[in-house]
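Peer 1: Protein chains in written order, with numbering that gives the first Met the number 0: chain A, 0 to 109; chain B, 0 to 232.
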Amino acid sequence: MIGTGIKRGTAELAVLSVLEHGPLHGYEMAHRIEQQTKGALRFTLAALYPMLYRMEQRGWIRGAWETSSSGRRRRCYRITPVGKKRLSPLRREWAELFGALRRLTKVSNA
Amino acid sequence: MRDWEALVEGHLTGFALEPAESADVIAELAAHLAETCEELRKQGMAEEEAVRRTLSQVEDWKKLTRLIQTARTKENIMTNRVKQFWLPSLLTLLLSMGLLALIQVFGPNPWLVARKSGWSLVAPVAVVYLPWLLSLPVIGAMGAYLSNRAGGSQRAVFSSIVFPVLPYLVFFLAALLVMAIFNKHLAHNIMFGALFVGLFAWVLAPGAALLAGGLLAQFSLSRRLDSRRIVSN
Chain A
0 MIGTGIKRGT AELAVLSVLE HGPLHGYEMA HRIEQQTKGA LRFTLAALYP
50 MLYRMEQRGW IRGAWETSSS GRRRRCYRIT PVGKKRLSPL RREWAELFGA
100 LRRLTKVSNA
Chain B
0 MRDWEALVEG HLTGFALEPA ESADVIAELA AHLAETCEEL RKQGMAEEEA
50 VRRTLSQVED WKKLTRLIQT ARTKENIMTN RVKQFWLPSL LTLLLSMGLL
100 ALIQVFGPNP WLVARKSGWS LVAPVAVVYL PWLLSLPVIG AMGAYLSNRA
150 GGSQRAVFSS IVFPVLPYLV FFLAALLVMA IFNKHLAHNI MFGALFVGLF
200 AWVLAPGAAL LAGGLLAQFS LSRRLDSRRI VSN
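1) DSSP has C36/B in a bridge; who is on the other side?
2) Just checking my contact of G213/B with A143/B at CB under 8 Å: how many whole Å lie between their CB atoms?
3) Could you tell me which of K61/B, H184/B, L94/B and E48/B sits nearest to A15/B, measuring between CA atoms?
4) To the nearest angstrom, how far is the alpha carbon of T36/A from that of L86/A?
5) Look up V127/B in the DSSP assignment and say whether it is helix, strand or coil.
6) Could you run through the segment 100 to 119 of chain B and flag, in chain order, every residue whose CB is less than 7 Å away from some CB of chain A?
7) Three or more C-beta pairs closer than 8 Å, one from the segment 101 to 111 of chain B and one from the segment 40 to 55 of chain B: is that the case here?
8) Taking CB distances under 8 Å as the criterion, tell me whether V81/A reaches chain B.
9) Between W64/A and R74/A, which are expected to be in contact by the criterion C-beta below 8 Å, what is the C-beta distance as a whole number of angstroms?
10) Using DSSP with H/G/I as helix, E/B as strand and the rest coil, what is V7/B?
11) Mind reading off the beta-carbon distance from A26/B to R72/A? Whole number of angstroms is fine, and I expect it under 8 Å.
12) May I have a chain-ordered list of the beta strand (DSSP E) segments no shorter than 3 residues that lie completely inside the segment 61 to 101 of chain A?
13) Nearest-angstrom Cα distance between E98/B and V127/B?
14) If you compare alpha carbons, which of S55/B, V169/B and R114/B is closest to V124/B?
15) Suppose you measure from the CA of L165/B to the CA of E19/A; what does that come to, to the nearest Å?
16) For A179/B and Q217/B, what's the separation of their Cα atoms in angstroms?
17) Could you have a look at K115/B and say whether DSSP puts it in helix, strand or coil?
18) Are the CB atoms of L145/B and L90/B nearer to each other than 8 Å?
19) Looking at the C-beta of Q42/B, does it have a partner C-beta in chain A at a distance below 8 Å?
20) 8 Å is my cut-off, CB to CB: does R41/A come that close to chain B?
21) Per DSSP, W59/A forms a beta bridge with which residues?
22) What does W34/B touch in chain A if you count any residue whose Cβ is under 7 Å from its own?
23) Quick one: grab the DSSP three-state call for H24/A.
24) Hey, how far is the Cα of T3/A from the Cα of G206/B?
25) Check the Cβ of P49/A against every Cβ in chain D and list those closer than 8 Å, keeping chain order.
26) What residues are listed by DSSP as bridge partners for W201/B?
27) Taking Cβ to Cβ, would you say L28/B is nearer than 8 Å to V7/B?
28) Under 9 Å between beta-carbons, which chain B residues line up against R101/A? List them in chain order, please.
29) Please list, in chain order, the chain A residues whose beta carbon lies closer than 8 Å to that of L28/B.
30) Answer yes or no: does any C-beta atom of chain B fall closer than 8 Å to that of Y52/A?
31) Considering L63/B, what are the terminal residues of the alpha helix (DSSP H) in which it resides?
32) Kindly confirm or deny that the segment 193 to 201 of chain B and the segment 154 to 171 of chain B touch, where touching means at least three C-beta pairs closer than 8 Å.
33) Please identify the residue among V156/B, F162/B, L66/B and A70/B whose C-alpha is closest to the C-alpha of W201/B.
34) Hey, would you say G139/B sits closer than 8 Å to A204/B, going by beta carbons?
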């Protein structure tokens with residue numbers, strides 16, 4: 000299980016990455032991230048929505064109300080061009096961090 | 000059936016958001032809770048247990064209220080339009096005008112471009128401040144960098160680069176319009192040639208200098224981004 004601090008840092012990357020494949024509402028997004036990370040990243044409501052609103056304020060994602068076929072209203076989020084632009088350096092930063100950690104742990108295991 | 004909206008509204012007390020915005024947040028959180036509970040019920044969980052598990056997602060409602068409030072209001076102070084367009088544009092305008100004023104007071108004499116007749120110059124005369132023109136590519140590059148860093152679109156970046164010459168452009172276009180309307184009625188005709196020379200000296204030449212620096216900066220920033228993409232892929 001990944002610790003809380005690292006999770007917080009990866010949260011934005013996780014949200015942008017799942018939204019890159021199409022619009023999702025909050026519950027779906029949390030579910031998708033949990034599934035794809037095999038439970039390593041889990042978002043509770045309390046963690047997810049403040050972050051979504053912050054990302055929306057920054058213009059990285061855009062939310063809009065939609066009504067599903069069952070008649071339920073949900074706020075669906077889409078990644079914006081600004082969000083797509085942000086995703087690339089975020090990926091690179093995290094790849095660099097994990098690469099560095101991998102090298103470090105290999106060295107310390109040797 | 001449980002009223003999740005009433006439950007969320009009861010917990011999120013002291014929201015200092017607009018009523019419509021507040022209602023949106025409550026509806027969204029309630030929909031999330033309802034869906035979580037339904038999913039747990041589908042998995043065969045008893046209703047009371049499903050509700051308890053659903054509500055355990057929020058340990059501290061006061062903290063959640065505060066976090067949502069901060070997330071939705073704190074960054075409103077500076078909107079994207081301000082960060083991506085107005086701030087870089089006004090900064091480039093301020094810098095270029097400030098520099099021009101300094102050069103006019105303390106700098107070398109301007110370069111006067113005109114036809115010569117004997118020892119004197121014949122109007123129209125273009126007044127060109129060379130040190131100012133030479134500094135404009137740097138200012139244009141700064142506008143491009145600031146707008147690009149804030150995630151500005153191509154249009155926002157371009158506007159930020161050329162913003163310092165826009166007031167001059169507006170002035171010359173307005174003057175051309177006024178001339179076209181009133182020129183026949185004036186005793187001393189304004190010279191069209193003077194306006195076009197002015198347009199060249201104060202709009203086209205500085206605009207080209209700003210664009211030279213700005214587009215170069217934009218090109219180098221996008222190349223750096225592309226190379227990062229290749230590395231991350």
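Just so it is clear, CB atoms sit at the ideal spot from N, CA and C, and this is done for glycine as well. Since the structure is predicted, the reported quantities are computational estimates derived from the model, not experimental observations.
Peer 2: Let's see:
1) Per DSSP, none; premise fails for C36/B.
2) 4 Å
3) K61/B
4) About 18 Å.
5) In the structure shown, V127/B falls within a strand segment according to DSSP collapsed to helix, strand and coil.
6) So nothing in the stretch comes that close.
7) no
8) Answer yes: the Cβ-Cβ gap between V81/A and chain B drops below 8 Å somewhere.
9) Between W64/A and R74/A a beta carbon distance of about 5 Å is seen, short of the 8 Å cut, so the two are scored as contacting.
10) helix
11) 7 Å
12) 72 to 78
13) Checking the sequence shown, residue 98/B turns out to be Leu, not Glu. Each residue's alpha carbon lies about 14 Å from the other.
14) Ranking the options by Cα distance to V124/B, first place goes to R114/B.
15) Taking the straight line joining both Cα atoms gives about 37 Å.
16) Cα-Cα distance, rounded: 39 Å.
17) strand
18) Yes, they are a contact pair.
19) no
20) no
21) The partner list for W59/A (beta bridge, DSSP) is empty, contrary to what the question assumes.
22) Per the sequence shown, residue 34/B should be read as Glu rather than Trp. Neighbours of E34/B on chain A, chain order: Y26.
23) strand
24) Any reading at T3/A must be qualified, since the residue scores a pLDDT of 49, below 50, and its modelled position is unreliable; the value itself is stated next. Going by the C-alpha atoms only, they are around 51 Å apart.
25) Looking for chain D here will not work: the only protein chains present are A and B.
26) Residue pairing by DSSP places W201/B in no beta bridge whatsoever.
27) With respect to V7/B, L28/B sits close: the two C-beta atoms are nearer than 8 Å.
28) Per Cβ cutoff of 9 Å: no residues; R101/A is ~15 Å from chain B at best.
29) L44 and Y48
30) yes
31) Its alpha helix (DSSP H) spans residues W60 to T72.
32) yes
33) F162/B
34) No, the pair does not count as a contact, with Cβ atoms beyond the cut-off.
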